[in-house]
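Structure first, then comments.
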Amino acid sequence: MMKNHWWWWLVAAALVLMVGVGLRHDASLYSVPVAQVTAVHNHKAQKEVDSYNNTDYQTEQTVTGRLLNTGRRGQTVRFSNTYTRSGALDSPLKVGNQVFLTHSGHSYQFRDNKRDVVLGVLLAITLLLICLLAAKHAVVIIVSIAANTALFFGAIHLDLHLGGNYGGAIFTSLVVIFTIVTVLFVIGWRPVGLVIGAATLLSTIGAVALGYGIMTATNYGGIHLQQVRYVTQSPALLFYVEIIVGSLGAVLDETSDISVAIFQLNGGARQRFKAGMDIGRAVMGPLIAVLFMIFIADTFGESILWLRNGNSIAQTVDWVMGLGFAQSLISAFGIVLAVPITSGLAALFARNRRGVAVDE
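So for the sequence shown, the working numbering puts the first residue at 3; every next one is plus one.
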């Protein structure tokens, strides 16, 4: 048994290696020029100071590369790249990097880094881990993820096609479809699946309604919806859409744990409800902590840049972390509300497996 176990892990490692090597040599599949960096010369860094007295250093690179595709494959080309020490929107090129270029006349310009190796290897590792750890459920999980991914990009495409005029309706419907698709694939068409779906939607709607009420009552005090990332459409709409989509996974996970556990218990509705509340209290803390850590990771880089540029901690928290804090809190509302809602629905829908139970 142990030998077979290690054999599968070796096969998985070999497959990941094959994916990495294959993507490293797939330049011929691209229509845009791809080059591999063979030499880099860094010029002297130039100090830059903006109107807010923020300081950074900009370095220009003269890069030599070898074309990996097109009719000029194998030829040597030269182009330039500019990067800053802060690395907010750029990065230095190094020997061995593969890059996309733009061809204009007789010259080439740097376009972007070629990152398909990293992305492909990470995707392969994720899929293989699902297959190795989930066993017979792996196909269902992968199909569910693929379906939800397709739905998400489809919703974005539809929103762009309609000019962002129906974003609220599109993404609210998307959340309902996400929930239905995930429950059908993972749980199936069973009473416990109905409870999970209903509890997830009710908890999410309740959390957003509660958050909206608080925000409206306080006139969005301290919440800067005008941040750059929200200027393309209605800021408030995108703010709430991000909350709904972001918290859905955690709420769905919690309702699944509580519902499945209650449906496996014997006893009356009161005992089941109490058991569900106990389970919910045990899992909601870690789930809220996970959401908070995701928020910290999302804002960490930008926060460091703000602090390095001389902004105060209070200003950084107010402008960089304010929206994230609010979103995390409203998402936490959903996780907390899911405990009594799921426990109540599951206790009512669950059937006794051994005779008739009487509540005490």
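Note that CB positions come from ideal geometry on N, CA and C, so glycine has one too.
Computed from a prediction, not measured in an experiment: that's the story for all the values here.
Own chain partners of residue i with C-beta closer than 6 Å, once the 5 adjacent residues on each side are dropped
i           : result
residue 110 : 79, 81 and 103
residue 330 : 293, 294 and 297
residue 332 : 209, 213 and 245
residue 113 : 102, 103 and 104
residue 34  : 102
residue 254 : 202
Backbone CA spacing between residue i and residue j [nearest angstrom]
i           : j           : result
residue 56  : residue 243 : 34 Å
residue 89  : residue 305 : 14 Å
residue 272 : residue 201 : 18 Å
residue 284 : residue 153 : 33 Å
residue 47  : residue 83  : 13 Å
residue 135 : residue 260 : 22 Å
residue 25  : residue 99  : 13 Å
residue 376 : residue 270 : The requested residue 376 does not occur in the structure, where the chain is confined to residues 3 to 362.
residue 65  : residue 96  : 9 Å
residue 162 : residue 168 : 10 Å
residue 236 : residue 210 : 17 Å
residue 38  : residue 77  : 11 Å
residue 266 : residue 129 : 30 Å
residue 197 : residue 308 : 45 Å
residue 316 : residue 323 : 10 Å
residue 301 : residue 127 : 26 Å
residue 321 : residue 174 : 27 Å
residue 319 : residue 108 : 49 Å
residue 238 : residue 222 : 10 Å
Top-ranked residue by Cα proximity to residue i, from the options
i           : options               : result
residue 312 : 41, 45, 43 and 51     : 51
residue 20  : 36, 165, 122 and 337  : 122
residue 1   : 13, 23 and 348        : Coverage of the chain is limited to positions 3 through 362, which leaves residue 1 absent and any answer about it impossible.
residue 151 : 96, 63, 315 and 247   : 247
residue 43  : 61, 161, 137 and 33   : 61
residue 256 : 64, 322, 132 and 199  : 199
residue 137 : 10, 323 and 281       : 10
residue 263 : 195, 316 and 145      : 195
residue 14  : 133, 28 and 107       : 133
residue 352 : 158, 277, 291 and 144 : 277
residue 190 : 160, 258, 127 and 170 : 258
residue 282 : 28, 143, 343 and 139  : 343
Nonlocal neighbours in the same chain, by C-beta distance under 7 Å from residue i, ignoring five residues either side
i           : result
residue 338 : 286
residue 365 : Since the first residue shown for the chain is 3 and the last is 362, residue 365 is missing from the structure and cannot be characterised.
residue 116 : 36, 100, 101 and 102
residue 275 : 345, 346 and 349
residue 69  : 35, 37, 75, 76, 77 and 79
Whole-Å CB distance - residue i paired with residue j, under 8 Å assumed
i           : j           : result
residue 335 : residue 213 : 6 Å
residue 252 : residue 289 : 5 Å
residue 341 : residue 279 : 6 Å
residue 325 : residue 241 : 7 Å
Sequence-distant residues of its chain with Cβ nearer than 8 Å to residue i (five each side left out)
i           : result
residue 164 : 172
residue 59  : 47, 48, 49, 50, 86 and 87
residue 250 : 177, 180, 181, 202 and 206
residue 217 : 225 and 328
residue 63  : 42, 43, 44, 45, 82, 83, 84, 85, 94 and 95
residue 149 : 183 and 187
Residue i Cβ short of 7 Å to the ligand SAM heavy atom set
i          : result
residue 70 : In the structure on display, the ligand SAM does not appear, and there are no ligands present to speak of.
In chain order, each alpha helix (DSSP H) run of at least 4 residues that lies wholly inside the segment 149-198: 169-188
Residue ranges of each beta strand (DSSP E) run of no fewer than 3 residues wholly in the segment 26-90, ordered along the chain? 36-44, 48-51, 57-69 and 78-86
What beta strand (DSSP E) runs, 3 residues minimum, are completely inside the segment 103-134? 109-115
4-residue-minimum alpha helix (DSSP H) runs that sit fully inside the segment 245-326, ordered along the chain: 271-310 and 315-318
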